[in-house]
Amino acid sequence: MAAFILKDAKILYEGFDISGLLNSVALNHSAELLDGSTFAQTTRVNVPGVLDTNAEVVGFHDDTLDPLLFEGVADVFPPAKVVSFSPDGGVSGDVSYSMEADVAVFSPGATYGEIFAFNSTFQGHGPLIRGTLMENTVQTASGTGTARVIGTLTALDGIW
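In my numbering, the protein residues as written are 53 to 212.
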């Protein structure tokens, strides 16, 4: 089993790197288990149902991030934002998880003598996508490298 210490995570919210403001992140991905049992069975038969994804983050107040999260909750029908998580530093080739999400909870606060902080929950607005981070830089030289085939994109597909 591969294990690593979560100390260099990269978390992006709508393209903004919020990693330096956070000190806790939990990504939850689950399926409702529906009872598919019938008569004459001696054990329950569970069938996976609807998927649910959310992420909970805890961090410190920032004047730039605060209005983005606040407006995400305050909008009547906010457009979903892309949230991406890379637990191992965010360099090319690392595993990453992305989803379109709505800000379901934004709770800033602290007690006397503490750092003003917040916790927030991003509720998935579609599937959780597990992928590999790609280069996002201009290449100025030719040479050998790691080729990654992404396939042909349809009009409904996109690259995050």
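Glycine included, C-beta positions come from ideal geometry on N, C-alpha and C.
What you are looking at is a predicted structure, and each value in this text was computed from that prediction instead of being measured.
query	result
Can you tell me whether DSSP reads residue 122 as helix, strand or coil?	helix
Can you name the start and end residues of the beta strand (DSSP E) that residue 175 belongs to?	169-176
With 16 other CB atoms within 10 Å as the buried threshold, where does residue 167 fall?	exposed
When you compare each of 112, 151, 84 to residue 67 by their alpha carbons, which one comes out closest?	151
What are the boundary residues of the beta strand (DSSP E) that residue 78 is part of?	74-87
Taking Cβ to Cβ, would you say residue 177 is nearer than 8 Å to residue 153?	yes
If I'm right that residue 173 touches residue 106 with Cβ under 8 Å, what's the distance once you round it to whole angstroms?	6 Å
Do residue 143 and residue 185 have their C-beta atoms within less than 8 Å of each other?	yes
Quick check: what's the CA-CA separation for residue 109 versus residue 90?	41 Å
Excluding the 5 residues preceding and the 5 following residue 104 in the sequence, name in chain order all residues of the same chain whose CB lies nearer than 6 Å to its CB.	82
Sorted by chain position, which residues of the same chain lie with C-beta nearer than 6 Å to residue 162's C-beta, five sequence neighbours on each side aside?	168, 169
Would a C-beta distance cut-off of 8 Å place residue 137 and residue 63 closer than the cut-off?	yes
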